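Here is the structure we will look at, set down as structure tokens.
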Amino acid sequence: MKNLKLKLTFLSLCAFATAAHAQQVKGNSVLYTSSQGNMRIEMCSESMFRVTKVPAQQMPDNEKWMVVNYNFPQVDFSVDGKQIKTSKLQVSIQEAPWRIQVADASGKVLYEELTSGCKDSIYNEVKMNPDEHFFGFGERMDRIDQRGQRVHLNVELGRGSKPAVGGKDILRANYCPVPLMLSNKGYAVFFHTAVPNDWDMGWTNNDKYSFSAPGGDNDYYFIYGEQLETLIHSYQQLTGVAPLMPRAAYGLHIGSYSGGTWHHESKANDTYVVNLIDRLRQEKIPFDMMWLDSTWRLFAKLGNGGCTFEFQDQFKDPKGMIDHAYKNHVAMFGLHIRSLVDNGKRNNLLTTAQKKGLTIQDGGTNAIINFFDDKAVDWWWKNAAKKVTDLGAKFFKTDVGSALNYNNPNIEQKAAHNLFPIAYAKAPYENFAKLNGQRGFDHTREGYAGIQRYPFIWAGDWGSEWQWFEPIIRGGINIGLSGVGYWSHCMGGFEQYSAYDTDLYLRWVQMGMFSPVSILFGMDHPRYHAPWTYGEEAQKIFIQYDSLRYALLPYIYTSAWDMYKTSRPLMTPLFYDHLQDVNTYQISDQYMFGRDMMVCPVTVKNALSRPVYFPGGDWLDFWTGERISGRQYKSFLTPIEIMPIFLRRGAIIPRQEAMQYVDERPNTNISLLIYPSEHSVYEMYEDDGKSLDYQKGVYAVTKMESRLAQNEWILNITTPKGDYKPVSHYYSVSVYLDKKPKLVTVAGKFVDGWKYDEKLRLLTFDAGEGDMEVVVKM
């Protein structure tokens, strides 16, 4: 019936070609024409479609850096003149100029274009609802809700004044802009352009917004979905999902200047690195990943901006240094590089690359490797990267992805500038995956739409000052809403010219251990943010939160798998699950970590307490067991060792024994922390932690199901299901129950050693292993 309807529609529309009705229905595409230009609607699904408006007949070619999926199964839709319908949407077409209006299945208007341009200036002006709010736009530190604001998206350091500490316009810095806008009205717009673009979200007029670019194509995707998760997931169907990282990458990352930061480069040496590794292990500070930042490199013709892939002379035994790291259970050892190559004492990379035509002629040094070109990438990997991979380097920190000049007036050059960070990250990511025989991994600063395929992003160089702490949290929230779930920052800040602030350091560390990726790195010579330099108490608190992260790795890793499946970021704002609660729209110092933990960093110096807002539902204090009803503010004491953390009712949190590094020993003991609701289900995810076999279905899921009635609580745990065979798990249970139990049984047998804390209202007991049903009578 559907094909017959389309054929009849097509025949009837052909008779009205001069009236600018549909001229062609082919597959999922509907083409409209007029003397002013053409518009194509491409259906991707019943709730997502692409709009391309051009002044001439020919449509633009499909690029491959942002969008990686252009081929969708046949969508069930109908065309009736200037209206396209699916089961979810009604798209109405207007011309002179070409514009669209989108309504849901009930006829409620979601999106209505007022005017549009596709020739010299690319723009779409859209009607704005009085209570509409806008989120996304990439890694932005300024605010979460962009209603009433102007947003400029281009990979750069910002256009405003620089702060006293640091060299960037922090609040407007665009290390990773993403032209994706999410509306609380149930839709999203992905502006499919790499040209620097501007969004006027009610700055000029409070009843309309616009997205525009000075050139390129008027090409965008409209995405419908009542939940933010649906919108982000649909966006990732276009631009790619975030793959799992090696499991070790969910542990702590340590960055080092090798004892010689900027202006102290001559002090960098391999002995410092060996001693640092030994000290970290001696102090029992859990960590897994390590990289050496800029000053490992020999600086030559281009100074610190070029990469010679040669160690400084004072690194007497680089391979021995890296081997020492692996002997001391560093999972992956990496090196900081730049996108510009240089000639060194032994390697003539710059001269050779230029002679072979492998650099980009950007009007500057002509030293930037053309990572868009497979031949250039292949040469770079074999002749530059291999110089250090042969010594044991297993990943790169790909810095300065913004090197390609964006001030060039050529539109194609401007677009290449924003796409360059993706090509730059992709090259080592894919090559290291082949070399290491495991999942790809890259640590990069700049990005654009699609960068989530080559995780991860770090937030760049921020000053160690209180005023920049909360903006960092906003950056993590915003970039997650923009489809980039793996994100991090330098705990304690990066650039430091003032006195050391232990309070700031510890508060930032607490939040950093509850970030998607945790890294410790700073340029402060000679301390470099080492925990022991802040005193015994500070180091104890550092280890407390570091160990807590390692204990929570089963929960974190499962949350990463959840992100791979559903696109839910590991770090989300409160309104992610409570979009109808406008109280949550301006909260940028609280966030959900995974689905069940609410994290509330202390962002005020010497704060003895802090207020916390609780969205709907019931919550539980992670530290004290206090129960809190939702839809209220409440204040909590915050001594220096406490960052408020809360569990959502229904939470099932799997924990392991804290370790000094990931997989230090088999994960045989699993401790479940449960705040039961009437019914909740949790599926703990496991795989080999290294290979891509999980993409072939080789993983295991352990289902845990909790049911709470008035006088009974039941927990069912199944043995792991799937093609991957994990070690056997022995379970201990901590469950918050408001009534003291009368008896506890596991698999029908009485448990004698259970304990109930009257103050915490917390029941604890050992449950054993294998399939089981736990029954607690109260």
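Taking the UniProt record's numbering, the leading residue of the sequence shown gets 1, the next gets one more, and so forth.
Beta carbons are placed, not taken as given, at the ideal position from N, Cα and C, and that holds for glycine.
Given the structure is predicted, the values throughout are model-derived calculations rather than measurements.
Query raised in the report: In this structure, does DSSP put K749 in helix, strand or coil?
Result: strand
Query raised in the report: For K96, does the count of other Cβ atoms within 10 angstroms reach 16, so buried, or fall short, so exposed?
Result: Checking the sequence, you will find Ala at residue 96 rather than Lys. By the neighbour-count rule (16 or more Cβ atoms within 10 Å), A96 is not buried but exposed.
Query raised in the report: Quick one: is N69 buried, meaning 16 or more other Cβ sit within 10 Å of its Cβ, or exposed?
Result: exposed
Report task. Tell me whether the beta-carbon of S488 lies closer than 8 Å to the beta-carbon of S515. Result -> yes
Requested in this report: Consult DSSP for R40 and reduce its assignment to one of helix, strand or coil.
Outcome: strand
**Report entry** the stretch 583 to 590 in contact with the stretch 531 to 545 per 3-pair CB rule at 8 Å
**Finding:** no
Requested in this report: Let me know the secondary structure DSSP gives E769 once reduced to three states.
Outcome: strand
Query raised in the report: Short check: CB of P286 to CB of M659, under 8 Å?
Result: yes
Requested in this report: Return helix, strand or coil for E265, following the three-state DSSP convention.
Outcome: helix
Query raised in the report: When DSSP labels each residue in this structure, what does R507 get in the three-state scheme?
Result: helix
**Report entry** One or two residues paired with A103 in a DSSP bridge
**Finding:** Q90 and V109
Query raised in the report: Based on Cα-Cα distance, which residue from T389, G306 and F593 lies nearest to G364?
Result: G306
Query raised in the report: For the alpha helix (DSSP H) that N436 lies in, which residues bound it at each end?
Result: I411 to N436
Requested in this report: Whole angstroms is fine: what's the gap from Y220's alpha carbon to P421's?
Outcome: 21 Å
Query raised in the report: How many whole angstroms separate the CB atoms of K394 and F309, which I take to be in contact at a CB cut-off of 8 Å?
Result: That pair is no contact at about 15 Å.
Query raised in the report: Between S12 and the rest of its own chain, which residues show a CB-CB distance below 7 Å, the 5 nearest in sequence each way excluded?
Result: For S12, the pLDDT reaches just 34, beneath the cut-off of 50, and the residue's location in the model is therefore unreliable, although a value from the coordinates is still provided. Within the same chain, S12 has no close Cβ partners at all.
Requested in this report: Compute the beta-carbon to beta-carbon distance between S47 and Y224, rounded to the nearest angstrom, for a pair I have assumed lies under 8 Å.
Outcome: 4 Å
Requested in this report: Decide if P573 is buried, meaning its Cβ has at least 16 other Cβ atoms within 10 Å, or exposed.
Outcome: buried
**Report entry** Three-state class that DSSP yields for F134 in the structure shown
**Finding:** strand
Report task. Check the C-beta distance from A103 over to L114 and give it rounded, since I have them as a contact under 8 Å. Result -> Rounded, the Cβ-Cβ distance is 16 Å, inconsistent with contact.
Report task. Provide the residue(s) that pair with S45 in DSSP beta bridges, ordered along the chain. Result -> M48
Query raised in the report: Going by C-alpha distance, which of P639, D278 and Y613 is nearest S629?
Result: Y613
Query raised in the report: Taking the C-alpha atoms as reference points, what is the distance between Q149 and S210?
Result: 11 Å
Report task. For H21, count neighbouring C-beta atoms within 10 Å of its own C-beta (all shown protein chains included) and say buried if the count is 16 or more, exposed if not. Result -> Confidence at H21 is low in this model, with a pLDDT of 49, below 50, so its placement is unreliable and the value that follows should be read with caution. Per the 10 Å Cβ criterion, buried.
**Report entry** Bounding residues of the alpha helix (DSSP H) (the contiguous stretch that carries K375)
**Finding:** D374 to W380
Query - Same chain only: Cβ atoms within 8 Å of G768, ignoring 5 sequence neighbours per side - result: Y730, Y731, V746 and A747
Query raised in the report: For S629, which beta-bridge partners are listed by DSSP?
Result: D618
Query raised in the report: F396: buried (16+ other C-beta within 10 angstroms of its C-beta) or exposed?
Result: buried
Report task. Answer yes or no: do M289 and A331 have a C-beta to C-beta separation smaller than 8 Å? Result -> yes
Query raised in the report: Among L302, F311, R281 and G437, which has the Cα closest to the Cα of T295?
Result: F311
Report task. Determine the DSSP secondary structure at K327, reduced to helix, strand or coil. Result -> helix
Requested in this report: Give a yes or no on whether the C-beta atoms belonging to D323 and G259 are separated by under 8 Å.
Outcome: no
Query raised in the report: Can you tell me the Cα-Cα spacing of C600 and R648, whole angstroms?
Result: 13 Å
Query raised in the report: Are there 16 or more other CB atoms within 10 angstroms of the CB of S106, so buried, or fewer, so exposed?
Result: exposed
Report task. Starting from the Cα of G344, find the closest Cα among L708, N304 and D373 and give me that residue. Result -> N304
Report task. Would you mind working out which of V733, K267 and F191 sits nearest residue 781, comparing C-alpha positions? Result -> Missing from the structure shown is residue 781; the chain here goes from 1 to 778 and no further.
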